[in-house]
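Residue numbers for the sequence shown follow the numbering used here, beginning at 189 and rising by one. Glycine included, C-beta positions come from ideal geometry on N, C-alpha and C.
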Amino acid sequence: MGVELDLAGHRALVTGAGQSVGEAIARLLAAAGAEVAVNDVVADRAAAVADDIVRSGGRAVAAPFDVTDYRAVLQTVEGLGGLDILVNNAGNAGTEGFGRSVPLARSEPADWEMFLKVNLYGVMYCVRAALPAMIDKGWGRVITIVSDGGRVGGTGKAAYGAAKAGAAGFCREVAHEVGRHGITVNCISLGTMKTPTTAAFWENLDENPTASEMMKRYIIRRPGEPDDVAGLALFLASPRASWITGQTYPVNGGFSFAL
Ligand SMILES: NC(=O)c1ccc[n+]([C@@H]2O[C@H](COP(=O)([O-])OP(=O)(O)OC[C@H]3O[C@@H](n4cnc5c(N)ncnc54)[C@H](O)[C@@H]3O)[C@@H](O)[C@H]2O)c1
């Protein structure tokens with residue numbers, strides 16, 4: 189007798205799934221039987237991941253669009269015939285590079301826009317597009333990847349923290365609104381991961397006091413990997429998580445706590 193987290197018959201959209209965390213989530217949802225629309229603003233990345241899932245025997249399609257383009261979001265979700273599962277993963281910690289601060293006293297509203305557009309508006313657009321079909325069906329799962337930058341701060345990017353905290357607050361409000369329709373809405377808050385964007389930060393800890401200090405705060409003494417996140421996303425997407433909503437779960441190696 190086994191315990192299954194079976195998503196057969198469910199259609200999922202994972203945004204920003206062309207690499208890293210989103211890719212790991214898309215692959216695991218597909219392995220659990222979901223039909224996965226693999227989104228990325230970089231079309232080649234979305235296609236490569238979707239093709240590979242299909243080659244491995246899963247069900248996937250590439251769904252390239254920019255989550256900040258509301259019309260494209262609506263058109264894609266409608267074209268897919270609605271969603272059962274939405275994973276808002278696409279995020280942007282800035283073009284100036286990971287680990288580099290953007291001091292508020294030296295930044296301008298235009299600098300804040302890109303953080304808010306992708307990390308907050310992108311989430312709002314995708315949730316808005318997904319809800320009508322979920323409400324019609326009386327079942328749905330919304331999972332949003334946020335950041336400890338929005339819970340405890342410390343990224344050196346106030347607008348990024350504000351956008352991620354805003355996304356968590358937005359999801360909590362939506363959870364209240366749609367719970368009666370069988371739809372759950374939860375967030376996963378990440379500590380700093382080891383991904384293509386952040387890999388350089390974790391190299392040469394001896395020469396990088398910021399990274400070595402941060403490493404000491406991880407109870408599990410390593411940065412997270414995309415697969416560390418995918419398991420919780422699968423569980424929250426599954427029928428087993430039907431009485432869990434409005435929550436934000438840290439996945440951060442013990443960097444910070446939620447009680
Ligand atoms: N990497 C970390 O340390 C870390 C820490 C905390 C939270 N997060 C959050 O986790 C999520 C995933 O991060 P990651 O490290 O895997 O990112 P990543 O940069 O490795 O991958 C993100 C993917 O999203 C795509 N993307 C970016 N903007 C998009 C848009 N407007 N529309 C569609 N796709 C878009 C990118 O092309 C890329 O393929 C993000 O929301 C990020 O903010 C990451």
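- Burial is judged here by how many other beta carbons sit within 10 angstroms of a residue's own beta carbon; Glu296 has fewer than 16 and is exposed.
- In the structure shown, Thr398 adopts helical secondary structure according to DSSP, grouped into three states.
- The C-beta of Lys404 has fewer than 16 other C-beta atoms within 10 Å across all chains shown, which makes the residue exposed.
- The DSSP-derived three-state label of Ser335 is strand.
- Put simply, the backbone Cα of Tyr313 is about 28 Å away from that of Leu193.
- Remark: the C-beta of Leu378 is in contact range of ligand 1, defined as less than 7 Å to any heavy atom.
- If you look at Pro414, you'll find it in the alpha helix (DSSP H) that goes 414-425.
- When the five nearest sequence neighbours on each side are left out, the beta carbons in the same chain lying within less than 6 Å of the beta carbon of Ala200 are those of Leu217, Ala222, Val224, Ile273, in order along the chain.
- The residues Pro438, in chain order, have a CB closer than 8 Å to that of Phe445 in the same chain once the five nearest residues on each side in sequence are set aside.
- Counting only runs that start and end inside the segment 235-259, the beta strand (DSSP E) elements of at least 3 residues fall at 247-250.
- Around the C-beta of Glu395, fewer than 16 other C-beta atoms lie within 10 Å, and the residue is accordingly described as exposed.
- Between the alpha carbons of Val362 and Ala387 lies a distance of about 34 Å.
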